[in-house]
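Visitor: Residue numbers (my numbering): 557 to 672. The structure follows.
Okay, structure coming up:
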């Protein structure tokens with residue numbers, strides 16, 4: 557039940573998830589790495605999921621790369637480093653998850669406003 561009742565902020569998941577992901581999610585967003593290709597079948601139907609490989613998602617791809625880079629720098633994560641080393645291929649396995657009511661264009665802006 558990852559991101560259950562999430563109301564804001566950002567979550568980045570580089571591992572497996574359970575079922576009913578995003579149940580009750582009303583704010584914030586998540587990036588989920590889907591190595592097994594099963595994530596879409598494990599989500600709650602009240603959220604939106606989108607692949608971030610499309611051209612119009614460039615800002616999110618750049619943001620995700622920065623988030624993973626910082627994570628690797630702080631933790632030494634081998635999985636994170638492997639994703640960065642193969643980012644152009646790995647990006648096709650990432651999903652962006654958001655509440656249906658949230659505007660895709662406003663997600664990064666809202667995150668920056670919260671950080672200010």
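A virtual CB, placed ideally from N, CA and C, is assigned to each residue, including glycine. Predicted model, so just to flag it, every value in this text is computed and none were measured.
Is it the case that the Cβ atoms of residue 628 and residue 568 are separated by a distance below 8 Å?
Guide: No; because the gap between Cβ atoms is not below 8 Å, this pair is not in contact.
Visitor: What are the boundary residues of the beta strand (DSSP E) that residue 586 is part of?
Guide: Segment 583–589, the beta strand (DSSP E) holding residue 586.
Visitor: Have a look at residue 654 and residue 660 and give me their C-alpha separation to the nearest angstrom.
Guide: Cα-Cα distance, rounded: 8 Å.
Visitor: Between the Cα of residue 585 and the Cα atoms of 597, 571, 560 and 609, which residue gives the shortest distance?
Guide: Checking every option, the nearest Cα to that of residue 585 belongs to 560.
Visitor: Excluding the 5 residues flanking residue 663 on each side, which residues of the same chain have their C-beta closer than 7 Å to its C-beta?
Guide: Once the five neighbours on either side are set aside, the close Cβ partners of residue 663 are 585 and 654.
Visitor: Go through its chain and collect everything with a Cβ distance to residue 593's Cβ below 8 Å, but skip five positions before and after it.
Guide: Once the five neighbours on either side are set aside, the close Cβ partners of residue 593 are 649.
Visitor: Here's a check: name, in chain order, each residue in its chain whose Cβ is nearer than 6 Å to the Cβ of residue 564, leaving out the five neighbours to either side.
Guide: Taken in chain order, the residues that qualify are 583 and 584.
Visitor: Starting from the C-beta of residue 639, find all residues in its chain whose C-beta is less than 8 Å away, skip the five residues before and the five after it, and write them out in chain order.
Guide: So the qualifying residues of the chain are 570, 589, 624 and 646.
Visitor: Tell me the rounded alpha-carbon separation between residue 641 and residue 618.
Guide: The alpha-carbon atoms of residue 641 and residue 618 are separated by roughly 14 Å.
Visitor: Would you tell me roughly how many angstroms separate the C-alpha atoms of residue 575 and residue 657, rounded to the nearest one?
Guide: When rounded, the distance between both Cα atoms is 21 Å.
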